[in-house]
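In what follows, a structure is listed as C-alpha cells, so that the remarks can point back to it.
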C-alpha cells in the first residue's frame, strides 16, 4: 500500500498508481492524529515443512496452481523464495515504512513466530532507535508470545482481558458485527455497546483501537457516523473519566461477567448494575462509571478506606448536587439525581476528598 522500492507489488506501481500510505499519513497528521502502520506479511513465506507439506498463507497456490510459481514475479508475490531471502525482505519492508512515514504505532497480525527472533529484535531496535532520533514515543504490538512484553504491547483482536492486568494492552475491535470492511448488508453495533466496551477496556488497563468500514469511495456511511459522533458526544461530557486516567485497584463491580478473556470474546451487553472504575494519575480522584441507567441507589464496595472522611460526589456534565452516604460497613451509596441525565448512555461520577481504599 506504499511506494516501495523492494517489491513491484505495491499500490504506487500497480492498481491505483497512488502512494496510499503516504496520502493517509499526511491527511492523518494534518489533523493531529496518530499514524498506525499495520503488517501481515510474516505469514507470506511459502516453504516446505519436514513432512512434505507446504506452509504459508499461500499454500493453496502450491497445492492447486503450481504453474503460477514458474513466473518469477508471481513467485515473489506468493513468497516462493529461500527463507533467508524472505526474512530479509520482511525486515527491509518495515525499515522502508519506518524511514518514509515514521509511524507512531506498528501493528502486527499473527504468525510473527515465522520470523527468526534475531530478525524480529533487529527490527524493534531499529524502530526504537529511529524514534529516539525523531524525539517521539512509538509502540509495537504483538498478538502471540512472539515479542517480549518488555518492549511490545499485547493486542487482542475483537477481544479483551477479563480482569485488570499489570501491563497495558490494546484491543482492535470493529464498529460492525464482525466485518473489518464495508460489505453488503453490513450490520453496525449500537453506540451504547461500543461505548460500554470502551469503558470496560480502559478500566482493565487497556486501550481501544476502533475500526470503521468506509465504502469504496472513502465515504463513511451515516449509520457508522452516528455511532462515532455519539462516542464523541459522550466523551465531551465524560472524557475526564477516560483520558489521562489509570486503572483503580479493581476494574469494577456488577453482575455481568465475560466468559473468558482473549481474542474474539463475542458480544457482552452491560446494564445499570455494572460499574467500572478509573482514577486520576495522582490517585486522588476516583471515577465511577455506570454502564446503563441507574435502577436505584448505587452501592460501592471496597472503594473507601475505613476512616474515609468527608468527600464530594459529582456527576460529570451536571451541576446537580449528588446525595451520598457511607454505611456502617463502609459502603459508599450514591443517589443518582432524578430527571434527565447528561448522557443517554453510561454515566460517570467523580469522587473527591475521600480517603480511598489502598491496595491489599
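Numbering (my numbering), first residue to last: 88 to 447.
By construction, the Cβ of each residue, glycine as well, lies at the ideal position given by its N, Cα and C atoms.
What you are looking at is a predicted structure, and each value in this text was computed from that prediction instead of being measured.
With three or more CB-CB distances shorter than 8 Å, the region 113 to 129 counts as touching the region 177 to 191. DSSP, reduced to helix, strand and coil, places residue 311 within a helical segment of the structure shown.
Cβ contact annotation for residue 89 (same chain, cutoff 8 Å, sequence separation greater than five): 97, 98, 99, 106, 107, 108, 109, 183, 184, 187, 188, in chain order. For residue 216, there is no enclosing beta strand (DSSP E); the enclosing alpha helix (DSSP H) covers residues 204 to 221.
In the structure shown, residue 294 adopts extended strand secondary structure according to DSSP, grouped into three states. With contacts defined by Cβ atoms closer than 8 Å, residue 434 and residue 373 do not form a contacting pair. If you compare the alpha carbons of 159, 115, 173, 432 with that of residue 143, the shortest gap goes to 173.
With contact defined as three or more Cβ pairs closer than 8 Å, the region 218 to 226 and the region 320 to 330 are not in contact. One alpha carbon belongs to residue 195, the other to residue 228, and they sit about 6 Å apart.
Looking at the DSSP output, residue 411 sits in a beta bridge with 421. Rounded to the nearest angstrom, the gap between the Cα atoms of residue 220 and residue 151 is 48 Å. About 29 Å separates the beta carbon of residue 332 from that of residue 300, a gap too long to meet the 8 Å contact definition.
Residue 283 and residue 157 have their alpha carbons spaced roughly 52 Å apart. By the Cβ test, the region 378 to 393 is in contact with the region 357 to 369, since at least three Cβ pairs between them sit closer than 8 Å.
In the three-state scheme derived from DSSP, where H, G and I count as helix and E and B as strand, residue 194 is classed as strand. Residue 123: not part of any alpha helix (DSSP H); member of the beta strand (DSSP E) spanning 123 to 126, first to last residue.
With a cutoff of 8 Å on beta-carbon distance, residue 244 and residue 351 are scored as near each other.
The beta carbon of residue 238 sits closer than 8 Å to the beta carbons of 211, 215, 227 from its chain, once the five residues preceding and following it are set aside; these are given in chain order. The continuous beta strand (DSSP E) containing residue 244 extends over residues 240 to 244. Burial is judged here by how many other beta carbons sit within 10 angstroms of a residue's own beta carbon; residue 271 has fewer than 16 and is exposed. Residues 365, 374, 376, 435 of the same chain have their beta carbon placed closer than 6 Å to that of residue 328, with the five preceding and five following residues left out of the count.
Shortest Cα-Cα distance from residue 115 to any of 191, 170, 426, 101 involves 191. Comparing alpha carbon positions, the residue from 424, 346, 217, 287 closest to residue 382 is 424.
Separation of the CB atoms of residue 290 and residue 339 is rounded to 6 Å, and the pair is thereby assigned contact status at 8 Å. Taking residue 209 as the centre and dropping the five residues before and after it, the same chain places the C-beta of 178 closer than 8 Å to its C-beta, in chain order.
The criterion of a C-beta distance shorter than 8 Å is not satisfied by residue 335 and residue 292. One thing to note: residue 419 has its Cβ no nearer than 8 Å to the Cβ of residue 402. Each residue's CA atom was taken as its position, placing residue 341 and residue 356 some 12 Å apart. Taking 8 Å as the cut-off, the Cβ atoms of residue 395 and residue 442 count as close. Counting the other CB atoms within 10 Å of its CB gives residue 316 a total below 16, which places it among the exposed residues.
Sorting 246, 138, 269, 354 by C-alpha distance to the C-alpha of residue 307 places 269 at the top.
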